[in-house]
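Take a look at the structure set out below.
Protein chains: 2
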Amino acid sequence: MVTLSEVAKRAHVTAATVSNVLRNREKVRPETADRVLKAIADLGYRPNLNARALAEGRSSTLALMLSNIANPFYPEFVSAAERAARKAGYFLMVCNTDDDAEVGRAYLNQIAGTLADGVLVMNTDIKFNELCASATHSAPILLAMWEHPETPPALPCIAVDFAHAGALAARHLLELGHREIGLLIGDGCGGLQDARSNGFRAVMREAGIEADAAAVLQIRDSIDAGYAACMQLMASRPHLTAIFATNDLLAIGAAQALITLGRAVPNDVSVIGITDIQLAHQVHPALTTVAIQTPAVAQLSIESLIRLIQTPEQQPSMVLGPPPQLIVRASTGPRRMN
Amino acid sequence: MVTLSEVAKRAHVTAATVSNVLRNREKVRPETADRVLKAIADLGYRPNLNARALAEGRSSTLALMLSNIANPFYPEFVSAAERAARKAGYFLMVCNTDDDAEVGRAYLNQIAGTLADGVLVMNTDIKFNELCASATHSAPILLAMWEHPETPPALPCIAVDFAHAGALAARHLLELGHREIGLLIGDGCGGLQDARSNGFRAVMREAGIEADAAAVLQIRDSIDAGYAACMQLMASRPHLTAIFATNDLLAIGAAQALITLGRAVPNDVSVIGITDIQLAHQVHPALTTVAIQTPAVAQLSIESLIRLIQTPEQQPSMVLGPPPQLIVRASTGPRRMN
Numbered sequence: 150m151v152t153l154s155e156v157a158k159r160a161h162v163t164a165a166t167v168s169n170v171l172r173n174r175e176k177v178r179p180e181t182a183d184r185v186l187k188a189i190a191d192l193g194y195r196p197n198l199n200a201r202a203l204a205e206g207r208s209s210t211l212a213l214m215l216s217n218i219a220n221p222f223y224p225e226f227v228s229a230a231e232r233a234a235r236k237a238g239y240f241l242m243v244c245n246t247d248d249d250a251e252v253g254r255a256y257l258n259q260i261a262g263t264l265a266d267g268v269l270v271m272n273t274d275i276k277f278n279e280l281c282a283s284a285t286h287s288a289p290i291l292l293a294m295w296e297h298p299e300t301p302p303a304l305p306c307i308a309v310d311f312a313h314a315g316a317l318a319a320r321h322l323l324e325l326g327h328r329e330i331g332l333l334i335g336d337g338c339g340g341l342q343d344a345r346s347n348g349f350r351a352v353m354r355e356a357g358i359e360a361d362a363a364a365v366l367q368i369r370d371s372i373d374a375g376y377a378a379c380m381q382l383m384a385s386r387p388h389l390t391a392i393f394a395t396n397d398l399l400a401i402g403a404a405q406a407l408i409t410l411g412r413a414v415p416n417d418v419s420v421i422g423i424t425d426i427q428l429a430h431q432v433h434p435a436l437t438t439v440a441i442q443t444p445a446v447a448q449l450s451i452e453s454l455i456r457l458i459q460t461p462e463q464q465p466s467m468v469l470g471p472p473p474q475l476i477v478r479a480s481t482g483p484r485r486m487n
Numbered sequence: 150m151v152t153l154s155e156v157a158k159r160a161h162v163t164a165a166t167v168s169n170v171l172r173n174r175e176k177v178r179p180e181t182a183d184r185v186l187k188a189i190a191d192l193g194y195r196p197n198l199n200a201r202a203l204a205e206g207r208s209s210t211l212a213l214m215l216s217n218i219a220n221p222f223y224p225e226f227v228s229a230a231e232r233a234a235r236k237a238g239y240f241l242m243v244c245n246t247d248d249d250a251e252v253g254r255a256y257l258n259q260i261a262g263t264l265a266d267g268v269l270v271m272n273t274d275i276k277f278n279e280l281c282a283s284a285t286h287s288a289p290i291l292l293a294m295w296e297h298p299e300t301p302p303a304l305p306c307i308a309v310d311f312a313h314a315g316a317l318a319a320r321h322l323l324e325l326g327h328r329e330i331g332l333l334i335g336d337g338c339g340g341l342q343d344a345r346s347n348g349f350r351a352v353m354r355e356a357g358i359e360a361d362a363a364a365v366l367q368i369r370d371s372i373d374a375g376y377a378a379c380m381q382l383m384a385s386r387p388h389l390t391a392i393f394a395t396n397d398l399l400a401i402g403a404a405q406a407l408i409t410l411g412r413a414v415p416n417d418v419s420v421i422g423i424t425d426i427q428l429a430h431q432v433h434p435a436l437t438t439v440a441i442q443t444p445a446v447a448q449l450s451i452e453s454l455i456r457l458i459q460t461p462e463q464q465p466s467m468v469l470g471p472p473p474q475l476i477v478r479a480s481t482g483p484r485r486m487n
C-alpha cells in the first residue's frame, strides 16, 4: 500500500504539505498542489480513511446489525436502508449476528464508535443494559422495528404498530365470515411475535371469538416450520376455515401444506400473513398479508440514526413508523358454506 | 466517547502508560496496570480500533461486496461467509452495490485497505482493470463465484464449473426422455449466465438436439421474470415438455406459471434450475436443481481471501470450488407419452 511519505518523496515536499493538499488546499501554492496531486495519481495513493476518520472524528459509515440475513425480510430491509444511507452520504455495513447474542456483542465492540458512526440494531438478543452502555460510551444506537410502541425501550427506536397489523388481519377474516381460525405465531429472531397475535386476538375477542388453545402453535420463522405446523394443525383441527400467521414465511408454508393436503386456497381454507415480503406476491396463490411497509421503515430508521449522530439532543426517543396496511390478494376468500 | 487521556487522568498515569497496558502489559508494574484497568472499566473506555488498526497495520475485518442482496442466493452466501470469517477471527462487513458499478467503485474506495483488510467481490459490473488497480494499491481482492474456469481472470478467484452444472441438468432431462425443452437464461447481476446455458446446449447437441431459437429467452433473475417468461414460452411453444432455467428463481417462477396454466408439474412439464437456494426445497412441488454448494464455496472464498492477505505470494490465481451436484426432487419426471 502506497503511503503518504512516498507521495511526499515523489513530489519533493513534506508529508505535512501532502496532508494540507488533501485537507485544506488554500494553504499550498498551486504549483506545489499540482505536483502533489500528480504524485498521488501516479502512485495510486489513497488517503487512509482510518487516519482521516480519526482526524475528523467521523467515518461516514453506518452499521446495520441484524440477526439472520437468511430470513428474506432482512435483505429487503437492507436494500432500502443502503439506498437511504447512500443518499445521505453514508456507507452502510451489514453485520449478520447469526441469531447469537455473543456474536452481536463482539460486532458491537468492534464497530460502534470506531468503524461506524452509528449502529442500527434489529431484533437482537443482546440485553438492553448492554446496548445502553455501548450507546453511552461509543456510538449512537437505534433500534429498528420495535414491536411494542406502547412500551418504549430505553434506547431511541423506530416502532411499528404490529398489534394494529394483527387487528387488520383479524377484521379481514371476520368480514369474510371466518370463525374457526388457526394461529401460527412466529418465535424467531428477536423473540415471540406476541404483539401481532395479541392484536389479532383482541379483535376476535370483541367479536365474541376466543382462540381455541389447540389451534395456536408457536414456531420458528420459516417456510418449512409453517408447512409442518399447518400439517399438524389441520390433522387435529380439520374444521378450520382460515389460518392467520404472524409473518409471511409461516403463511406461505401453511398455504403449501394446504395445497399438499388437497385443500384449495382460498376456497377451502383462507391464509393471511404479516409483512408483505417480495415472495408474498410471487407465490401462487399470491398471499393476502398486512404490509408493514419495510422500505419506508428502513428509510425512516436510517434518517433517524443520522439525526441522532448529528444532533443527539433533538432526537425523540421513539418514532412511530407508517401504519400497517391490509393487502388483499388471492389467498383469502369468503368462508365456504357447507 | 471516553478518550485514552481521560483514562490516563483517572488512573494518575500518562497516556503512554495506558497504551502500554493495552498493548504490552509486561512493561508496566502490576499495581499500575491494575489501576489503569480499573479506570478503563469505570469509564467504559473502549480502545479506538481505528488507531489500533493503524498501529498494527490490520483491522481484522473483511468486506463482501455483492450486487443485489434482494436475490436470495446472496443472503445464503453471506450467512456461510460470515460464519467462516468469524471462525478465522475476522469480522465480515457486507456492502450491497445495488447493481450499480458507481456504487461498487465508491465502496471499494471507501473500504479497501482502510476499513477492510481484504475484499471479496461477487458479480460486479466494475471493470477488471479498475479492480486490479485497487488490489495493487490497497487491499487484496478475490472474486467469488467466477463462472468461467476455462478463462481465469486477472485477479485471484474462486471458480465454479457452471458449464458442468448446465451439462448435468441436460443429462437429467435427456434421461427422462425430454426432447422439446425451453431455456430460460438469466441475465442478472454479473451478466448473462451463458456458461450454464452453453454447458446445457453442448450436451443436447451431442444428443442431436439443437435448441429451438424461439424457445430460448434471456431474462432478469427473479421469480416474477421466470413466471412471465414461461407464460410467453408456453403460449408460443405449447408442445414443450420441459423447462431448463439457469437459476432457481427463474425455475420457481416457471413452475408457478405452469400450475397457473393448468399444466401439471412434472406430469405435463418438468422444470429444473441451478443453484439450490433454500427456496428450492421449500416450494411445492420441490424443485429439481443442480446444487453449486453455496456454503462450501463461501467458506472456500473466505479462507482463500485470508490466505491472500496473510501470504500473498503463495496464493494460486484460481481455485476451483467443489463440483456441482444434481439434486432430484419433485419437479422433474419422465416425458409424458401422448
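Chains as they are written, first to last, in my numbering: chain A, 150 to 487; chain B, 150 to 487. Glycine included, every Cβ here is placed at the ideal spot set by N, Cα and C. Keep in mind it's a predicted model, so treat the numbers as computed, not measured.
Note down, in chain order, every chain A residue with its Cβ under 8 Å from the Cβ of residue i.
{"i": "B/T210", "result": "Q259 and L264"}
{"i": "B/G326", "result": "In chain order: nothing, as chain A lies at least about 27 Å away."}
{"i": "B/G337", "result": "Chain A residues near B/G337: none, gap ~15 Å exceeds 8 Å."}
With a threshold of 7 Å between beta carbons, is residue i in contact with chain A?
{"i": "B/P461", "result": "no"}
{"i": "B/Q405", "result": "yes"}
{"i": "B/A204", "result": "Any reading at B/A204 must be qualified, since the residue scores a pLDDT of 46, below 50, and its modelled position is unreliable; no value is offered."}
{"i": "B/P483", "result": "no"}
{"i": "B/P224", "result": "yes"}
When you compare the CB of residue i with every CB in chain B, is at least one pair closer than 7 Å?
{"i": "A/P301", "result": "no"}
{"i": "A/Q381", "result": "no"}
{"i": "A/N245", "result": "yes"}
{"i": "A/M242", "result": "yes"}
{"i": "A/T409", "result": "yes"}
Apart from the five residues just before and just after residue i, which ones in its own chain have a Cβ nearer than 6 Å to its Cβ?
{"i": "B/V243", "result": "L213 and V227"}
{"i": "B/S209", "result": "Y239"}
{"i": "B/P289", "result": "G267, L457 and I458"}
{"i": "B/T273", "result": "G253"}
{"i": "A/A188", "result": "V156, R159 and A160"}
{"i": "B/N199", "result": "Bear in mind that the predicted position of B/N199 carries a pLDDT of just 46, short of 50, making it unreliable; the figure below should be weighed with that in mind. Closer than 6 Å at Cβ, skipping near neighbours: no residue."}
{"i": "B/P471", "result": "Q442 and A445"}
{"i": "A/A316", "result": "G348 and V352"}
Could you name the residues of chain A that residue i contacts, counting a contact when the two beta carbons are closer than 7 Å?
{"i": "B/D373", "result": "Q431"}
{"i": "B/V252", "result": "R235"}
Just the chain B side, please: which residues come within less than 7 Å of residue i by C-beta, in chain order?
{"i": "A/N169", "result": "Correct list: empty, because the minimum Cβ distance to chain B is about 20 Å."}
{"i": "A/E231", "result": "N245 and D247"}
{"i": "A/Y256", "result": "F240"}
{"i": "A/Q448", "result": "What A/Q448 touches in chain B: nothing, since even the nearest Cβ is about 14 Å away."}
Say yes only if the C-beta of residue i is nearer than 6 Å to one or more non-hydrogen atoms of the ligand FAD, and no if none qualify.
{"i": "B/T460", "result": "This structure lacks the ligand FAD; in fact it carries no ligand of any kind."}
Name the chain A residues that come within less than 9 Å of residue i, Cβ to Cβ?
{"i": "B/S228", "result": "N217, I218, A219, N245 and D247"}
At the level of alpha carbons, what is the spacing between residue i and residue j?
{"i": "B/I275", "j": "B/L410", "result": "41 Å"}
{"i": "A/N416", "j": "B/S346", "result": "40 Å"}
{"i": "B/T152", "j": "A/D373", "result": "49 Å"}
{"i": "A/L292", "j": "A/P305", "result": "6 Å"}
{"i": "A/A160", "j": "A/V185", "result": "5 Å"}
{"i": "B/E324", "j": "A/L269", "result": "52 Å"}
{"i": "B/G331", "j": "B/R235", "result": "43 Å"}
{"i": "B/V162", "j": "A/A282", "result": "25 Å"}
{"i": "B/Y376", "j": "A/D370", "result": "26 Å"}
{"i": "B/A318", "j": "B/G326", "result": "13 Å"}
{"i": "A/T246", "j": "B/R412", "result": "43 Å"}
{"i": "A/A165", "j": "B/N258", "result": "23 Å"}
Contact check, residue i vs residue j under 8 Å by CB: the rounded distance?
{"i": "A/S419", "j": "A/L322", "result": "7 Å"}
{"i": "A/A308", "j": "A/W295", "result": "4 Å"}
{"i": "A/R328", "j": "A/V352", "result": "Not really, about 13 Å apart at Cβ, beyond 8 Å."}
{"i": "B/Q427", "j": "B/P221", "result": "7 Å"}
Just the chain B side, please: which residues come within less than 9 Å of residue i by C-beta, in chain order?
{"i": "A/E452", "result": "None at all; the shortest Cβ gap to chain B is about 18 Å."}
{"i": "A/Q367", "result": "Near A/Q367 there are no residues of chain B at all, since even the closest Cβ is about 20 Å away, more than 9 Å."}
Once the 5 residues before and after residue i are set aside, which same chain residues still bring their CB inside 8 Å of it?
{"i": "B/L241", "result": "T210, L211, A212, L213, V227, A230, E231, A234, R235 and I451"}
{"i": "A/S480", "result": "A400, A404, V414, P415, S419, V420, I421, P434, A435, L436 and T437"}
By Cβ distance, which residues of its chain are closer than 7 Å to residue i, with the 5 residues on each side in sequence left out?
{"i": "B/A204", "result": "Caution is warranted here: a pLDDT of 46 is assigned to B/A204, below 50, making its placement in the model unreliable, and no coordinate value can be reported."}
Taking C-beta pairs closer than 8 Å, name the residues in chain B that residue i reaches, listed in chain order.
{"i": "A/Q442", "result": "The premise fails here: A/Q442 is roughly 16 Å from chain B at the closest Cβ pair, so nothing lies under 8 Å."}
Listing by chain order, which chain C residues have their CB less than 8 Å from the CB of residue i?
{"i": "A/Q474", "result": "Considering every chain present, this structure includes no chain C. Its protein chains are A and B."}
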